[in-house]
Amino acid sequence: MRNRVSRGSRRTVAALLVLLAAWEVGRSLVRIDLAVFHDYLRVGQVVLQHGDPYATLSFNTWPPFFIFIAVVLAEVARISRVGALLTWQLGSVAALWGACRLLPRLAGEAPAPFTSTATLVPLVMTARLLQEHLQSMQINLYLLFLVLLAFDLFRRRREAMGGLALATAISVRAVPILFLVFLLYKRAWRAVAWTAGFLAVLNVLLPALCFGPAIAGERWKEWRTVAAAETANPTPMFPNQSLLAALRRLLTREGGARDPIYYAVAEWPPQRVVRLFYALGAIGALALAFAWRRHPPGLDHPFLHGELAVALCILPLVSPLAWKAHFVSLLAGYWLIWRVMQRGKVRRWVWLAWWASFACLTLTAPALLGASGRSVVESLNAITLGALLVLGLTIWAARQLPPQPPTSAAGPTQL
């Protein structure tokens, strides 16, 4: 009886998640002009009119390769804006499902059923972030899928296709360049070579062929200027939940100037905070390298999925600009944490951190607190804190992994 009730509960939760996704996809079709997807179309339209997407559009912080994606979207939108958005949103949902299937494959396991806790729990823990992603109609789920697909291909010795997938993710948003550094650390030289080669094709050869070397070079200069200005911006608004923005709110007078509350404990010069951010990043990287020093090189060992989950949790934190929708990569962290928690008795501090992260990431939604309450808790870096808790738990979970996958890894988890 208990198993039947549990099975019924899981099916109910799965049905609710499907309905939520369908609702957000449907609702987005009448909100095109209010979301980031509309900005994607504007970039494409400017390029099709032979304009400069960086000089014309102040919000455009995407790397030059994104121009090609924006142009394709704008061309499809000429036929049907609703059709273009519906295709984009359904693709995002498919990318999410693909990510859920790839995570266990990277651990040497068969993908679990949708109604299993192995799939449902990470989705529930990140449901608010996924909802934000569908509401703003962003590209981050595609990037999560591409990164996971790349490493799945690398593990299967398909370095060329894996390099193309990873190079595409890097070219679209730049921050995934961390995974190229990770490949260097793992001494996966063939994967590095293919990724670097495709980066050159996508970011040098393709723009030069399409726009000419002079214009392609000018676009790169403009983007570097925009990216540097974003990193140097001393007054982030509360939706920006990156670690750099949090440090600015805490340590500078300018950091909270546009937020509803001000609580700086110091008045550092903005540039000093940037140096602190880079120092913390370097210290964190060295600490992880030391913690993983006994892991073998290459990409075919049982610790890889744990290392990847940690890196995916780090990704939005180190980006200078990180909206809530950027934190969908925490799905990988929650998946690993839950997988480890199911193996035995869990200490109290783990459960406390688990539910604290849920409170920071989910219970701060405007549906619960209202728009003004949401702005206050985000000014207090609630999403950043939740992500740091997930990162800490993911590092803990990665250190609990056995040196060899379990003998039952071939079968899917049913509960």
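Each residue of the sequence shown is one higher than the one before, counting from 156 in the working numbering.
A virtual CB, placed ideally from N, CA and C, is assigned to each residue, including glycine.
Which two residues bound the contiguous alpha helix (DSSP H) that contains MET392? No alpha helix (DSSP H) contains MET392, which DSSP labels as neither H nor E.
Next item on the list: Give every residue of the same chain whose Cβ lies closer than 8 angstroms to the Cβ of GLU377, excluding the five residues on either side of it in the sequence, and list them in chain order.
Entry: ASP207, TYR209 and ALA210
- Query: How would you label LEU556, buried or exposed, when you count the other beta carbons within 10 angstroms and need 16 or more for buried?
  - Reply: buried
>> Buried or exposed, going by whether 16 or more other CB atoms sit within 10 Å of the CB of TYR489?
In response: buried
Practice prompt. Apply the 10 Å Cβ neighbour rule to ARG283 and answer buried if 16 or more other Cβ atoms are within range, or exposed otherwise.
Written response: buried
Do VAL428 and LEU406 have their C-beta atoms closer together than 8 angstroms? yes
With a threshold of 6 angstroms on Cβ separation, who are the neighbours of GLU533 within its own chain once the five nearest residues in sequence on each side are excluded?
PHE393
_For VAL185 and LEU454, what's the separation of their Cα atoms in angstroms?_
Looking at the two C-alpha atoms, the distance is approximately 44 angstroms.
Which of helix, strand or coil DSSP assigns to ASP573 = As shown, the chain starts at 156 and ends at 570. That puts residue 573 outside it, with no answer to give.
At what residue ranges does the segment 488 to 565 contain a whole run of the alpha helix (DSSP H), taking only runs of 4 or more? 503 to 516, 521 to 534 and 537 to 554
| query | Considering only residues of the same chain and omitting the five flanking positions on each side of GLY318, which have a CB-CB separation below 7 angstroms? | reply | Close CB contacts of GLY318 within its chain, under the 7 angstroms cut and outside five residues either way in sequence, are with ALA346, TRP349, THR350, GLY352 and PHE353 (chain order).
**OP:** Give the range of the alpha helix (DSSP H) segment to which ILE438 is assigned.
**Re:** First-last of the alpha helix (DSSP H) with ILE438: 425 to 446.
Let me check understanding here. Comparing Cα to Cα, which of GLN290, ALA401, SER326 and LEU361 lies closest to VAL191? GLN290
- prompt: Which class does TYR340 belong to by DSSP, given the choice of helix, strand or coil?
  reply: The answer is helix: DSSP assigns TYR340 an H, G or I state.
Open item on the list: The alpha helix (DSSP H) that contains HIS288, what's its start and end?
Closed with: 282 to 291
For LEU656, which residues in the same chain have their Cβ closer than 6 angstroms to its Cβ, ignoring the five residues on either side in sequence? Past the edges of the chain, shown from 156 to 570, lies residue 656, and the structure says nothing about it.
*On the premise that ALA343 lies in contact with PHE309, defined as a C-beta separation below 8 angstroms, what is that separation, rounded to the nearest angstrom?*
7 angstroms
Margin query: Distance check for LEU258 and ALA565, CA to CA, integer angstroms please.
Written below: Because the pLDDT at ALA565 is just 38, under 50, the model does not fix this residue reliably, and the value given afterwards should be weighed accordingly. Roughly 14 angstroms between the two C-alpha positions.
- Can you tell me which of the three DSSP states MET156 falls into? Confidence is the limiting factor: at MET156 the pLDDT is only 40, short of 50, which leaves the residue's position unreliable, though a coordinate-based value still follows. In this structure, MET156 counts as coil in the three-state DSSP scheme.
Using beta carbons (cut-off 8 angstroms, strictly below), is GLY461 in contact with chain D? Here there is only one protein chain, and chain D is not present.
ask   = Just curious, the alpha helix (DSSP H) that SER326 is in, first and last residue?
value = That run of the alpha helix (DSSP H) goes 314 to 328.
* Spatial neighbours of ALA320 within its chain, please: CB distance less than 7 angstroms, with the 5 preceding and 5 following residues excluded, ordered by chain position. => LEU301, LEU304, ALA305 and LEU308
6 angstroms Cβ shell around LEU474 - same chain, five flanking residues per side excluded: A small correction: the amino acid at residue 474 is Ser; Leu does not occupy that position in the sequence shown. Closer than 6 angstroms at Cβ, skipping near neighbours: VAL330 and SER397.
Quick check on THR562: buried or exposed, where buried means 16 or more other Cβ atoms within 10 Å of its Cβ? With a pLDDT of 40 at THR562, under the threshold of 50, the predicted position of this residue should be treated as unreliable, though the coordinate-derived value follows. Taking a 10 Å sphere around the C-beta of THR562, we find fewer than 16 other C-beta atoms and assign the residue as exposed.
Exercise for review: Output the residue ranges of the beta strand (DSSP E) runs that lie fully inside the segment 341 to 414 and measure 3 residues or longer, sorted by chain position.
Suggested key: none
### Query
Using 8 angstroms as the Cβ pair cut-off and three pairs as the minimum, do the segment 538 to 551 and the segment 491 to 498 touch?
Touching, yes, given that three or more Cβ pairs across the two stretches are closer than 8 angstroms.
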